[in-house]
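The numbering of the sequence shown is the numbering used here, which starts it at 67 and goes up by one.
Here's the structure we're looking at; comments come further down.
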Amino acid sequence: MKKIIAAAFLAGLALQASAQSGTNSPYSQYGLGALASQATSFNRGMNGLAYGFHERNQVNYMNPASYASVDSLSFIFDAGVSLLLTNFEENGNKVNAKNADIEYVVASFRAFKHVGVSFGLLPYTNVGYNFSNTQNVNAFPSTSSVNATYSNTYSGNGGLHLVYLGAGWEPFKGFSFGANVGYLWGTLNRNSTNTYSDSYVNTLSKNYSTQVKSYKIDFGAQYTYTVDKKNALTLGMAYSLGHKLNATADCDLISTNSQTSISDTTHYAVSNALEFPHTFGVGLMWNHNNRLKFGVDYQLQKWASLKYPQITTGSGTTSYSLVDGQFNDRHKLTLGGDYCKGERYRGFFSRMHYRAGFSYASPYLKINGADGPRELSASLGVGIPIMNSYNNRSMLNVSAEWVNQSVTGLVKENTFRVNVGFTFNERWFAKFKVE
67 MKKIIAAAFL
77 AGLALQASAQ
87 SGTNSPYSQY
97 GLGALASQAT
107 SFNRGMNGLA
117 YGFHERNQVN
127 YMNPASYASV
137 DSLSFIFDAG
147 VSLLLTNFEE
157 NGNKVNAKNA
167 DIEYVVASFR
177 AFKHVGVSFG
187 LLPYTNVGYN
197 FSNTQNVNAF
207 PSTSSVNATY
217 SNTYSGNGGL
227 HLVYLGAGWE
237 PFKGFSFGAN
247 VGYLWGTLNR
257 NSTNTYSDSY
267 VNTLSKNYST
277 QVKSYKIDFG
287 AQYTYTVDKK
297 NALTLGMAYS
307 LGHKLNATAD
317 CDLISTNSQT
327 SISDTTHYAV
337 SNALEFPHTF
347 GVGLMWNHNN
357 RLKFGVDYQL
367 QKWASLKYPQ
377 ITTGSGTTSY
387 SLVDGQFNDR
397 HKLTLGGDYC
407 KGERYRGFFS
417 RMHYRAGFSY
427 ASPYLKINGA
437 DGPRELSASL
447 GVGIPIMNSY
457 NNRSMLNVSA
467 EWVNQSVTGL
477 VKENTFRVNV
487 GFTFNERWFA
497 KFKVE
C-alpha cells in the first residue's frame, strides 16, 4: 500500500509540474515549442538511443514493441527530473539561465504471457522564454523627442504533454510489436510588445494563444536475430502518426494609447491550425553476451509539408492565416551504448551500468526564411543498482548531457543537463510455496 501511495504521489508531482516550462530557449517561440525528449532515464545516458533496445527491467516508451520484454515478476515504476544550465551567446554578449523540471512518470508490467503493458506521463514540447532589446529610432517623426528609442519584449510559456497507455506482444520468439495510444494536451502562450520612449506613440502588443486537446498514436516492431551464443542483433522500427490537432490559434492585436491607457483590440483566429508530423524511426542494436550493448538510431520527422499560422500585413490590411515554408524535415542520427559486467554479480561496481551517446539533428525550423539551429549533443550516464536487505532490483539512473544549438547570425545555445531517474523495480507477482 505504501508503494502505491508513493507512486500516486510522484505522479501528482509530475502532473503539477506539467504546467511548468522545461526550457529557457528563445527558439521555443517558433512552431510547437522546443521538442522534448521522450526518452526515459536509462535511454538518456545513451543520448536517447532507443529503437533497438528491449530491456526486461526498464521502460522504453520510444518503441512500444519493447514492452513485451518486461520481466513477468516485476512492476516497474520510473520517475525522472532534469536540472539545466544554459549559456546564451549573441554578438559577444553572454547570459546564463537555470531551470529544473519534473519531466516524466512511466510504469510497466507483464499483463499476460508475452504481453507487456505500459502507461505514463511525458513531455512533448516546451515553451519558455523572456527577453527584450532596445534600439534608437533613426528617423522618428516627432518633434517631442530627438533621441527616441523603442523596445521589443518577447515572452512565452506552456507546452504540450502526453499521457499514454501502450502494449507490446511477442507472438513468437525474437519478434514483437506494439502500440501506444495517448492523449495530448497543453496551452501555447506567446507575447510580443513594442513600446516607444515617446509618449505620443501607441504601444502595440501581439498575444498568441493556442489550446491543444488531441490524440497521439505510435507503432513499433522489433526483431532479434541470434548470431551465436554470445551475440545477437535487434532491428527496431517505430512510426508516429501525423495528423491535425483540431486546435484554434488565437491572436489579439492590442494598440494602447500611452497617455490615456485606452486600448483597442483586434481579434484573429485560425481553426484547425496545428499539426503533428509523421515520424519514422529505425535502429539497430548489437548485444554481446548481455554485457555490451551498442546501437545506432535514425529518426525522420516530416515537418516540411506542415503549415503554421502567421500574421501578415500588406496593402493596408492585416491577416492571420496558415502559411507554409516555415519548417524543414528533421533528420536525427544517434550512436550510443551500455556496458555492465553482469547484473547477477555480487560486486557493486560489477553490477553498475556505464552508458554514453552522441547525436546530430538537422534544423527543422526556418527563421526569417533561413534554416534555424542544428543540434549537436553528447551524454554520459551510469545506472547505479540499489542494494539493500529488501530490494536489489531497483536502479538510480544518472546522466549528464551537453546540447549545442547554433546557426550563423542568431543566438548560440550551450546547455548542460543533468537527468536523474529512479526506477523502482519490485517483485510483485511472484507466487511462493510453503512446504
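The beta carbon of each residue, even a glycine, is placed where N, CA and C say it ideally should be.
Residue 386 counts as buried, since at least 16 other C-beta atoms from the protein chains shown sit within 10 angstroms of its C-beta. Residue state for residue 414 is assigned as coil, using DSSP reduced to three classes.
Around the Cβ of residue 148, a 10 Å sphere holds 16 or more other Cβ atoms; the residue is buried. In this structure, the beta-carbon distance from residue 246 to residue 232 falls below 9 Å. Within a 10 Å sphere around the beta-carbon of residue 382 sit fewer than 16 other beta-carbons, which makes this residue exposed. A straight line joining the alpha-carbon of residue 114 with that of residue 103 spans about 7 Å. Note that the C-beta distance between residue 182 and residue 422 is not below 9 Å. For residue 256, the secondary structure class from DSSP, reduced to helix, strand or coil, is strand. Within a 10 Å sphere around the beta-carbon of residue 328 sit fewer than 16 other beta-carbons, which makes this residue exposed. By the C-beta density criterion, residue 167 is buried, having at least 16 other C-beta atoms within 10 angstroms. Out of 450, 292, 169, 424, the CA that lies nearest to the CA of residue 469 is found in 424.
Judged by their CB atoms, residue 270 and residue 259 are nearer to each other than the 9 Å cut-off. Per DSSP, residue 176 is one residue of the beta strand (DSSP E) stretching across 159–178. Residue 321 and residue 200 have their C-alpha atoms spaced approximately 19 Å apart.
With 16 or more neighbouring CB atoms inside 10 Å of its own CB, residue 483 falls in the buried class. For residue 110, the enclosing alpha helix (DSSP H) stretches over residues 107–110.
The shortest CA-to-CA distance from residue 390 to any of 375, 419, 401 is the one to 375. The C-alpha of residue 151 is placed about 6 Å away from the C-alpha of residue 481.
From the listed residues 407, 272, 125, the smallest Cα separation to residue 172 is found for 125. Here residue 94 carries a helix assignment [DSSP, helix/strand/coil]. When the Cα atoms are used, residue 93 and residue 179 turn out to be separated by approximately 46 Å. The DSSP assignment places no complete alpha helix (DSSP H) segment of no fewer than 4 residues inside the region 329–402. Closest in C-alpha terms to residue 388, from the list 420, 406, 340, 355, comes 340. Excluding five sequence positions before and after residue 330, the CB atoms of its chain that fall closer than 7 Å to its own CB belong to 321, given in chain order. For residue 406, no beta strand (DSSP E) encloses it, and the DSSP letter there is neither H nor E. Around the beta carbon of residue 325, fewer than 16 other beta carbons sit within 10 angstroms, so the residue counts as exposed. If you check the CB distance, residue 196 and residue 479 do not come in under 9 Å.
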